[in-house]
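Structure, as structure tokens:
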Amino acid sequence: MAEQKKFTVNLISFGFKHGSIEDVNFIWDVRFLPNPYWVDDLRPKNGLDYEVSDYVVASSEGHNFIKLMKPMLLFLIQQNRAAKKEVVTIAVGCTGGKHRSVAVVEVLRDILQMMPIELTVHHRDIEKES
């Protein structure tokens, strides 16, 4: 039996206002999702906090986005793996990189962590001021 090569998926959240991401395979812009920045209680928090994640992902837009994106994500990973690629990098961007993109990347992490892949997650702009 042929040994399967290691396959790595890198997930990166970022804020467009801090510059785009280079050298990625896919960029998803999630600035259409509800923005916790405009909710006083949520503004100081980030997408790792349950309240922020719930606000973004449990919204009808967030729910539908994840529902549609999940099969596409799995398909893209399968196809890149079949093409003998060893690494796929997926970036998710919002305005500041603190709320929406972080919340979405964490959902992607949950979806992918059960797969037989190496998975890295980096929240580039989570500590930057909005």
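Counting in this note's numbering, the sequence shown runs from 1 upward without gaps. Even for Gly, the Cβ is constructed at its ideal location relative to N, Cα and C.
Residue 42 is not a Cβ neighbour of residue 105, given a cutoff of 8 angstroms. Under DSSP, the beta-bridge partners assigned to residue 122 are 12. Listed as beta-bridge partners of residue 95 by DSSP are no residues whatsoever. The criterion of a C-beta distance shorter than 8 angstroms is satisfied by residue 111 and residue 70. Under the three-state reduction of DSSP output, residue 21 falls in the coil class, being neither helix nor strand. By the C-beta criterion, the stretch 46-58 is judged not to be in contact with the stretch 15-26, since fewer than 3 inter-stretch pairs fall below 8 angstroms. Around the CB of residue 63, fewer than 16 other CB atoms lie within 10 Å, so the residue is classed as exposed. Between residue 7 and residue 86, the C-beta gap is smaller than 8 angstroms, which places the two residues in contact. Classified as exposed, residue 31 has fewer than 16 neighbouring CB atoms from the shown chains inside 10 Å of its CB. Fully enclosed beta strand (DSSP E) runs of no fewer than 3 residues occupy 26-29 of the stretch 19-70, in order along the chain.
Secondary-structure assignment with DSSP links residue 88 through a beta bridge to 9.
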